[in-house]
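Student: I'd like to ask you about the structure that follows.
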Amino acid sequence: MNRNITISFGLHILLVIITAMSLPFLAKKPIDLPPIVSVELIQITDKTNIPFAPKAKKIIEKVKEKEKKLVSEQAPPKKIKKIKPDAIPLPDEKLEKVKEIKKEKQNPEKVETEVKQVSEFEKKELFDTSNIAALIDKSKVDSAETTKKLDKITQDQDKNADFRGLSLSEEDALKAQIFGCWSIPLGLPFNENLLVRIKLQLKPDGSIIKSEILDHARMNKPGQGFYKVLAESALRAIKLCQPLRVPTKGYERWKELQLNFDAREMLEG
Amino acid sequence: MLFRYIFIILVLLPIKVFALIEVDITRGNLNPLPVAISPLSIDENSKEGFKKILKVSNLGIEISTVVENNLRQTGLFNPLNKDAFLQKPEIANLKPRFEDWNLIKAQALITGKVTLVDDKLRVEFRLWDILAGKEMMALAFTTVPNNWRRVGHIITDKVYQRLTGEKGYFDTRIIYVAEEGPKTKRIKKLAIMDQDGFNNKFLTFGNELVLTPRFSPTNQMVTYLSYFRNLPRVYLLDIETGTQEVVGDFPGMTFAPRFSPDGKKIIMSFAKDGNSDIYTMDLENRIVERITNHPSIDTSPSFSPDGKYITFNSDRSKYQQIYVMKSNGKDVKRISFGNGLYGTPVWSPRGDLIAFTKLHKGKFYIGVMRPDGTGERLLTENFYQEAPSWSPNGRVLIFYRETKTNSKGEGFSAKLWSIDLTGYNEKLVETITDASDPSWSSLLSD
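For the record, the sequence lines run as chains D and Z.
First residue of the first sequence: 11, per the numbering used here; consecutive thereafter.
First residue of the second sequence: 42, per the numbering used here; consecutive thereafter.
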């Protein structure tokens with residue numbers, strides 16, 4: 011008898027411990043903070059701006075320095091200004107190219123052509139895919155290590171991301187889509203509670219598996235006829251909008267979603 | 042025993058908990074709702090029967106057209122072109138193929154059936170939610186065949202209420218002053234018509250000048266101003282019987298009459314010796330009560346829907362402005378403070394707004410404001426327009442507008458117009474003659 015009680019007591023304690031351990035707030039690892047990653051704000055221009063690899067950058071700087079020296083000795087300074095040797099020559103070609111530039115600049119009759127040639131040359135160099143590929147290959151080694159580190163961080167963050175909501179841009183995209191689909195019934199009394207909460211079950215592509223009005227009982231309450239009209243309009247909006255604009259990743263996060271339709275703001279205007 | 046505990050432990054093993062994401066939708070669009078109104082189906086026997094009785098070739102199409110026009114007039118619905126319909130009315134009435142209606146972007150569908158049963162008109166109609174793929178409403182009406190337009194209006198009211206959440210205003214009438222002849226020698230008669238301009242009838246012969254007719258809440262009585270033997274007085278007319286009587290025995294001019302919300306009293310202005318004050322008369326015991334007592338011109342009184350307050354216009358602050366007071370005449374408060382002159386205040390049946398006419402810099406405006414004077418909104422502007430009257434749901438105003446005459450004195454006209462509270466949906470209300478001073482009835486089928 012006493013043995014059974016002891017076993018029961020022990021197992022109960024074990025049960026409580028396991029339950030407590032499984033709570034999500036305890037599952038967090040406050041000590042194991044993920045490393046801080048600096049965020050760089052990038053303005054995207056019309057043309058893709060491919061960054062130079064560190065080694066190529068050094069080479070370009072060297073070429074620039076050499077050019078400066080050569081031009082200052084042999085060419086008039088004005089003409090130098092027009093030439094922008096930002097190209098990325100391969101190491102063994104660099105001297106020849108510099109010589110070519112130098113020679114061209116020495117002929118005053120071909121100044122314009124020279125400039126054109128140089129600009130075309132620049133273009134060639136900048137958009138020479140083989141060169142870029144080579145540079146990227148070189149940079150791959152450097153970036154690979156960083157990516158590995160970043161990958162680790164991302165995976166770690168992903169675990170925590172399961173508990174997060176949608177990002178602002180994801181939420182805005184979804185809101186904007188539903189705003190366009192929701193025809194608000196204009197006859198609603200705006201001094202009433204005009205909030206309709208709908209819980210959705212979604213497929214990964216954003217289409218709806220199931221929609222459920224959370225305050226369903228209110229639909230049949232006397233004097234709440236307007237609520238039924240409002241709830242139906244919200245359901246129509248969801249059906250009209252589907253598939254919803256949901257994020258492409260993190261399905262587990264948003265496979266269940268609650269939309270709170272509130273018409274008060276619009277009707278009070 | 043041990044297995045039982047192990048089972049419980051396994052069940053309670055750590056389960057990953059996801060917080061439910063909530064997204065607040067606080068905005069929507071106010072675009073008209075696309076509605077498909079399928080012609081009501083009708084069998085051949087009924088078709089022939091109605092052709093003989095009503096001289097109408099296809100009553101099903103006619104009734105659906107009434108519904109379509111009503112819904113379009115509101116500005117809240119966009120009835121879709123019938124040419125785009127893929128399903129025939131007789132099949133759609135039984136079971137709509139929602140995919141077909143979805144294809145033409147309809148969000149709601151109206152179907153129905155018309156039959157002639159024992160010389161009576163029977164109309165069934167159904168409202169469908171296309172996106173949800175379910176029936177929203179189904180009703181049937183039986184009436185005399187001549188009432189077929191009214192059936193169309195009642196169907197519209199039901200659809201409107203189901204889709205917007207507020208009562209409709211289609212099964213209603215408008216009483217107005219029909220005007221004919223040149224501006225200097227106008228013949229004015231009382232006339233009544235359906236809200237869409239059909240079934241027009243004249244109630245007086247035009248021997249006396251008539252002005253400002255107003256419906257009672259029961260719709261059977263009308264009060265108006267008539268210049269009988271050149272003495273302007275307030276009269277009461279029973280539409281059903283045609284009998285009329287003078288309201289009260291006032292030793293002077295009475296004008297601007299209006300019923301109280303319960304229909305038991307008439308409120309009006311009484312003018313004597315250049316002063317005009319507001320009076321009420323109880324229609325049961327004929328007791329007259331003075332409401333205002335001020336040496337200024339107090340006129341155009343209108344009760345609040347609960348009967349507790351009265352709005353009126355007065356020049357007691359030098360210029361004509363709108364005031365609100367208790368129904369016993371106490372606690373008079375000025376509510377209009379904008380530039381210009383304010384007049385003809387009318388309390389909305391919903392109680393939330395007061396409509397008015399405003400004159401500012403030579404132009405007339407129809408506008409609304411809250412009973413405390415805040416939130417003034419001017420809905421429409423014109424050369425000359427006045428006398429707003431509310432639809433029974435407080436969503437639309439009807440008023441009249443006059444046009445300028447040219448240098449030869451020609452080109453004058455007076456027409457009825459309606460505008461909804463958004464200020465965008467302004468429509469001309471067709472009348473067979475010129476028209477002024479409209480008054481909207483309450484719902485006939487309420």
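Ideal Cβ positions, reconstructed from N, Cα and C, are used throughout, including at glycine.
Output the boundary residues of the alpha helix (DSSP H) element that contains Asn86 of chain Z.
Tutor: 85-95 is the span of the alpha helix (DSSP H), which, as asked, contains Asn86 of chain Z.
Student: Comparing C-alpha positions only, which one of Z:Ser482, Z:Val365, Z:Val470 sits nearest to Pro390 of chain Z?
Tutor: Nearest C-alpha to Pro390 of chain Z: Z:Ser482.
Student: Kindly indicate if chain D contains any beta-carbon less than 8 angstroms away from that of Ile151 of chain Z.
Tutor: No, because no Cβ of chain D sits closer than 8 angstroms to the Cβ of Ile151 of chain Z.
Student: Can the beta-carbon of Thr183 of chain Z be found less than 8 angstroms from the beta-carbon of Leu168 of chain Z?
Tutor: No; because the gap between Cβ atoms is not below 8 angstroms, this pair is not in contact.
Student: According to DSSP, Gly384 of chain Z sits in a beta bridge with which residue or residues?
Tutor: According to DSSP, which records beta bridges pairwise, Gly384 of chain Z is partnered with Z:Thr398.
Student: Against chain D, does Gly206 of chain Z count as a neighbour if the rule is that its beta carbon must be under 8 angstroms from one of theirs?
Tutor: Taking Cβ atoms only, chain D reaches closer than 8 angstroms to Gly206 of chain Z, which makes this a yes.
Student: May I have the straight-line CA-CA distance separating Ser98 of chain Z from Glu202 of chain D, to the nearest angstrom?
Tutor: Near 47 angstroms, if we compare the C-alpha coordinates of Glu202 of chain D and Ser98 of chain Z.
Student: What does the alpha-carbon distance come out to for the pair Met262 of chain Z and Tyr268 of chain Z?
Tutor: Looking at the two C-alpha atoms, the distance is approximately 19 angstroms.
Student: DSSP state of Glu467 of chain Z, grouped into three classes?
Tutor: The answer is strand: DSSP assigns Glu467 of chain Z an E or B state.
Student: For chain Z, check one thing: does any of its Cβ atoms lie closer than 8 angstroms to the Cβ of Ala273 of chain D?
Tutor: Taking Cβ atoms only, chain Z reaches closer than 8 angstroms to Ala273 of chain D, which makes this a yes.
Student: Pull up the DSSP beta-bridge partners for Gln28 of chain Z, would you.
Tutor: Lying before the first or after the last residue shown, residue 28 of chain Z is absent from chain Z, which here runs from 42 to 487.
Student: Met234 of chain Z: buried (16+ other C-beta within 10 angstroms of its C-beta) or exposed?
Tutor: Met234 of chain Z should be labelled buried.
Student: Assuming the contact rule is C-beta atoms closer than 8 angstroms, Ile151 of chain Z and Val108 of chain Z should be a hit. Round their C-beta distance to whole Å, please.
Tutor: The Cβ separation is near 6 angstroms, so the contact holds.
Student: So with Cβ pairs under 8 angstroms, would you call Pro55 of chain Z a contact of chain D?
Tutor: A caution first: Pro55 of chain Z carries a pLDDT of 49, below 50, which makes its placement in the model unreliable, though a value can still be read off. So yes, Pro55 of chain Z belongs to the interface.
Student: Tell me the residue span of the beta strand (DSSP E) that contains Leu462 of chain Z.
Tutor: It is not in any beta strand (DSSP E) - Leu462 of chain Z carries neither H nor E in the DSSP assignment.
Student: Counting only beta-carbon separations shorter than 8 angstroms, does Glu330 of chain Z have a partner in chain D?
Tutor: No, Glu330 of chain Z lies away from the interface with chain D (no Cβ there is under 8 angstroms from its Cβ).
Student: If we cut at 8 angstroms on Cβ distances, does Ile62 of chain Z have a partner in chain D?
Tutor: So, interface residue.
Student: Give the residues of chain D in contact with Gln148 of chain Z, contact being defined as C-beta atoms less than 8 angstroms apart.
Tutor: Per Cβ cutoff of 8 angstroms: Ser193, Arg246, Leu250.
Student: Which stretch, first to last residue, makes up the beta strand (DSSP E) that contains Trp169 of chain Z?
Tutor: Per DSSP, Trp169 of chain Z belongs to the beta strand (DSSP E) from 161-170.
Student: What residue from Z:Ala219, Z:Met178, Z:Phe239, Z:Leu438 has the CA that sits closest to Asn248 of chain Z's CA?
Tutor: It is Z:Ala219 whose Cα lies nearest to the Cα of Asn248 of chain Z.
Student: Helix, strand or coil for Tyr406 of chain Z per DSSP?
Tutor: DSSP places Tyr406 of chain Z in strand when its eight states are reduced to three.
Student: Who are the Cβ neighbours of Ile194 of chain D in its own chain at under 6 angstroms, not counting the five residues just before and after it?
Tutor: The residues are Ala273, Met276.
Student: Any C-beta of chain C within less than 7 angstroms: which residues of the region 174-192 of chain D qualify?
Tutor: Chain labels in this structure do not include chain C; the protein chains are D and Z.
Student: Looking at the strands, I want to know which residues DSSP matches up with Glu221 of chain Z.
Tutor: Its beta-bridge partners are Z:Ile228.
Student: Quick one: Cα of Pro253 of chain D to Cα of Gly379 of chain Z, how far?
Tutor: Distance between the alpha carbons of Pro253 of chain D and Gly379 of chain Z is about 50 angstroms.
Student: Measure the C-alpha to C-alpha separation of Lys150 of chain D and Asp182 of chain D and round it to an integer number of angstroms.
Tutor: Note that Lys150 of chain D has pLDDT 48, beneath the 50 cutoff, so the model's placement of it is unreliable and no number is given.
Student: Is it right to say Pro386 of chain Z is buried, meaning 16 or more other beta carbons lie within 10 angstroms of its own, or is it exposed?
Tutor: The residue is buried, with at least 16 neighbouring Cβ atoms inside 10 Å.
Student: Report the neighbours of Phe236 of chain D on chain Z: residues whose CB is nearer than 7 angstroms to its CB, in chain order.
Tutor: By Cβ distance, chain Z contributes Gly206.
Student: Whose C-alpha, out of Z:Val329, Z:Leu144, Z:Ser337, Z:Glu471, is nearest the C-alpha of Tyr360 of chain Z?
Tutor: That would be Z:Ser337, whose Cα lies nearest to the Cα of Tyr360 of chain Z.
Student: Say whether the region 231-246 of chain Z touches the region 463-478 of chain Z, bearing in mind that this needs 3 or more beta-carbon pairs closer than 8 angstroms, one atom from each stretch.
Tutor: Output reads yes: the region 463-478 of chain Z touches the region 231-246 of chain Z.
Student: Identify the continuous beta strand (DSSP E) that holds Ser310 of chain Z and give its terminal residues.
Tutor: Per DSSP, Ser310 of chain Z belongs to the beta strand (DSSP E) from 306-313.
Student: For the beta strand (DSSP E) containing Thr253 of chain Z, name the first residue and the last one.
Tutor: It spans 251-256 - the beta strand (DSSP E) in which Thr253 of chain Z sits, taken as one unbroken run.
Student: Determine, using beta carbons only, whether Thr156 of chain Z comes closer than 8 angstroms to chain D.
Tutor: No - not a single Cβ of chain D is within 8 angstroms of the one on Thr156 of chain Z.
Student: CB-CB under 7 angstroms to Thr123 of chain D, same chain, minus the five flanking residues each way: which ones, in chain order?
Tutor: Residue confidence is low: Thr123 of chain D scores 36 on pLDDT, short of 50, so the model does not pin down where it sits. No coordinate-derived value is stated.
Student: Less than 8 angstroms between the C-beta atoms of Pro73 of chain Z and Leu117 of chain Z, yes or no?
Tutor: Cβ atoms of Pro73 of chain Z and Leu117 of chain Z: closer than 8 angstroms.
Student: Cβ closer than 9 angstroms: which chain D residues qualify as neighbours of Pro170 of chain Z?
Tutor: Checking the sequence shown, residue 170 of chain Z turns out to be Asp, not Pro. By Cβ distance, chain D contributes Glu242, Leu245, Arg246.
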